[in-house]
Amino acid sequence: MAFKERITVLFPEAEDIGRCSDQNETHISIKGCNNVTIQRRRIWTHPEPIDDDSVTRITWRNPLISIKQSSVIEPALNSGLNIYFNSSNRYKEPYVKTPVFNLIHKETFELEKYLSNVLNYSNFEWNPQDTNYDILIDNKSTTLIEYRTLSEQDEISFGKSKNVKKEEIGLFYMDSFDETDVNLSGIRCSWKDESPLMEKCLKTTLFYKPAFINNGPELEQSVPISVEEPVGLHPKINIDLSTYEQLDSCQYYFYSQLPLQIFVDKFQSSPIFVFGEDDLELPTYKIASWGSEVLFELNPEEVNEIVLHSRYVKPTNDSETYENVSFTPIILRACDTSSNQLTHNPFYSKGFGFEAYFTDNTEFHILNESSLVIPIPSPSISNYYNVEYTTMCCLFISLLFLFWKIFRGAP
């Protein structure tokens, strides 16, 4: 099936465009000289509508790749595999339902089982270790976007294949950047219609307002976040915003996808929302879903404490007495820009994800995105009979004592 392709390559400096790229009549080769970021966008138009007006967004980000490593041409994707969809009968497995979308979360790369069968993905070369994916499937088209940062030894070549209906590539460097605008300068090249030959490249400049700000003078140091020791059955997360002041039209938030072993008691804490598993009693092996999604509002100029709760986990044969559970919260500052400039950003379109809980003109400052580990006590089956015999003995002794108290003679 024919598709359109647009490739954006972002170099650190202007001289890197000439030093780290090579061009002939049909191809452009890119070398990973110094943190070169590539965005590759492919769009397929469906020959016929696939179903109703349902929309599915599938994202993948390797948990080892931090959001704060993202460039200005990348969105802030949640860690792991996330399947967002608005149709209740799209998938036949447990999901978390929110007012905006339904959500399935996986820590492993199981992408192909959730893709539409309209396209044949068998020839795709997935690279989940080094590449982030953002896929949008709607009634009319499928859009696949890849984000990758080349290492020093990498080299990749781009040309127009026979299935490409239209192809172009932009080679840019960041001319200027602040919290108001991003200015990318460089060249834009395209291929001739019905031909593998390239047309003449043209100088291009892009101005746009970023939706996600991951770096800058204020964001060089991450907001301190830690798990209070000792942990216990009610882990406490401390977020230190003592050096951050209240700004007009801005608010601070703690957002996280919590694994099944950890949950928020919405009657004890005061989250803005918690969607998913929040049952206070059930152990992990009695719950089918993957976990929950939670958003807390934070106060600047103080240390914020968030109390979580751990579930009873299934006993194992291991001698280890704890099960280490990890999750990756995002500390962010969301600011209302009171304008529609974000809609003109060529690298961002608001979709399903944590940004869906905010207005269209919200700008996100990523202050921290670090993995936390919670040790949860895990009973061992090897001690089962010891516990059983001890419990039986305690019950027997208790009964003897009760009978003795009831039937003993009067003093």
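Residue numbers for the sequence shown follow numbering that gives the first Met the number 0, beginning at 0 and rising by one. The C-beta atom is built at its ideal place from N, Cα and C for all residues, glycine as well. Bear in mind that the values here come from a model prediction, so they are computed numbers and not experimental data.
Whole angstroms are fine: how far does the CA of residue j sit from the CA of residue i?
i, j, result
"T336", "E292", "26 angstroms"
"S248", "T179", "15 angstroms"
"P282", "S377", "12 angstroms"
"F84", "E387", "47 angstroms"
"L341", "Y347", "8 angstroms"
"E166", "E47", "23 angstroms"
"L80", "F357", "22 angstroms"
"E124", "T320", "41 angstroms"
"L240", "L135", "36 angstroms"
"E106", "S78", "8 angstroms"
"R60", "L294", "20 angstroms"
"F171", "G17", "11 angstroms"
"E92", "S28", "43 angstroms"
"Q260", "V54", "30 angstroms"
"Y243", "L366", "10 angstroms"
"S140", "I42", "7 angstroms"
"N23", "K199", "11 angstroms"
"L331", "E354", "11 angstroms"
"K404", "L398", "10 angstroms"
"S20", "K208", "27 angstroms"
"E227", "I64", "25 angstroms"
"Q394", "F400", "First, the residue type needs correcting, since residue 394 is Leu and not Gln in the sequence shown. Approximately 10 angstroms, taken between the alpha carbons."
"Q245", "S121", "51 angstroms"
"S344", "A75", "First, the amino acid is wrong: residue 344 is Asn here, not Ser. Each residue's Cα considered, the two are about 14 angstroms apart."
"P216", "E154", "Legend: pLDDT at P216 = 46, less than 50; position of this residue unreliable, value from coordinates given subsequently. Near 32 angstroms, if we compare the C-alpha coordinates of E154 and P216."
"T204", "Q256", "38 angstroms"
"L143", "I186", "23 angstroms"
"K164", "F108", "30 angstroms"
"M0", "E280", "51 angstroms"
"V71", "L149", "16 angstroms"
"K349", "D359", "7 angstroms"
"I236", "S86", "34 angstroms"
"N385", "S288", "33 angstroms"
"T389", "P62", "44 angstroms"
"Y252", "V302", "13 angstroms"
"A210", "Q250", "15 angstroms"
"V181", "Y284", "48 angstroms"
"V117", "E4", "18 angstroms"
"Q128", "I329", "21 angstroms"
"T25", "N88", "45 angstroms"
Assign residue i to buried or exposed, taking buried as 16 or more other Cβ atoms, counted over all protein chains shown, within 10 Å of its Cβ.
i, result
"Y146", "buried"
"G392", "For clarity, residue 392 is Cys in the given sequence; the question names Gly instead. It counts as exposed."
"F412", "In the structure displayed, the chain extends from 0 to 410; residue 412 sits before or after that span and is not available."
"A333", "buried"
"D15", "buried"
"S269", "exposed"
"E276", "buried"
"N131", "buried"
"V372", "exposed"
"I396", "exposed"
"G231", "exposed"
"E12", "exposed"
"F2", "buried"
"P33", "This sequence places Asn at residue 33; Pro is not what is there. Per the 10 Å Cβ criterion, exposed."
"R310", "buried"
"T361", "buried"
"V95", "buried"
"P258", "buried"
"N101", "buried"
"P229", "exposed"
Give me the Cβ distance between residue i and residue j, rounded to the nearest whole Å; I'm assuming they're in contact under 8 angstroms.
i, j, result
"D174", "L183", "7 angstroms"
"S221", "S369", "7 angstroms"
"F363", "I212", "7 angstroms"
"T58", "D133", "5 angstroms"
"S225", "T315", "Actually they are not in contact, since the Cβ atoms of S225 and T315 sit about 28 angstroms apart, beyond 8 angstroms."
"P195", "G169", "About 19 angstroms; that fails the 8 angstroms criterion."
"I238", "V312", "Wrong, their Cβ atoms sit about 26 angstroms apart, outside the cutoff."
"F351", "R56", "4 angstroms"
"I82", "I49", "Going by Cβ atoms, the distance from I82 to I49 rounds to 16 angstroms, so no, they are not a contact pair."
"E151", "G31", "6 angstroms"
Does chain C have any CB closer than 8 angstroms to the CB of residue i?
i, result
"F108", "The structure shown contains no chain C; it holds only a single protein chain."
Under the criterion of a Cβ to heavy atom distance below 7 angstroms, does residue i qualify as lining the ligand NAP?
i, result
"T204", "Here there are no bound small molecules, and the ligand NAP is not part of this structure."
Could you tell me whether the region 107-115 touches the region 298-310, where touching means 3 or more Cβ pairs closer than 8 angstroms? Below 8 angstroms, too few C-beta pairs join the region 107-115 and the region 298-310 to call them touching: fewer than three.
I'd like to know if the region 301-315 and the region 253-264 are in contact, where contact means that at least 3 CB-CB pairs between them fall below 8 angstroms. yes
What are the start and end residues of each continuous beta strand (DSSP E) run of 3 or more residues lying completely inside the region 55-102, in chain order? Fully enclosed beta strand (DSSP E) runs of 3 or longer: 55-60 and 79-84.
Would you call the region 322-333 and the region 181-191 touching, i.e. three or more CB-CB distances under 8 angstroms? Three or more Cβ pairs closer than 8 angstroms define a contact, and the region 322-333 falls short of that threshold against the region 181-191.
Just checking, does the region 5-14 make contact with the region 30-45 on the three C-beta pairs under 8 angstroms criterion? Cβ pair count under 8 angstroms is three or more, so yes.
Could you pull out every unbroken beta strand (DSSP E) segment of at least 3 residues lying fully inside the region 252-314, listed in chain order? 272-275, 290-297 and 302-306
Which whole runs of the beta strand (DSSP E) in the region 170-246 are 3 residues long or more, in chain order? 181-189, 201-207, 224-226 and 235-239
At 3 residues or longer, what runs of the beta strand (DSSP E) sit wholly inside the region 307-376? 321-326, 329-335, 361-368 and 371-376
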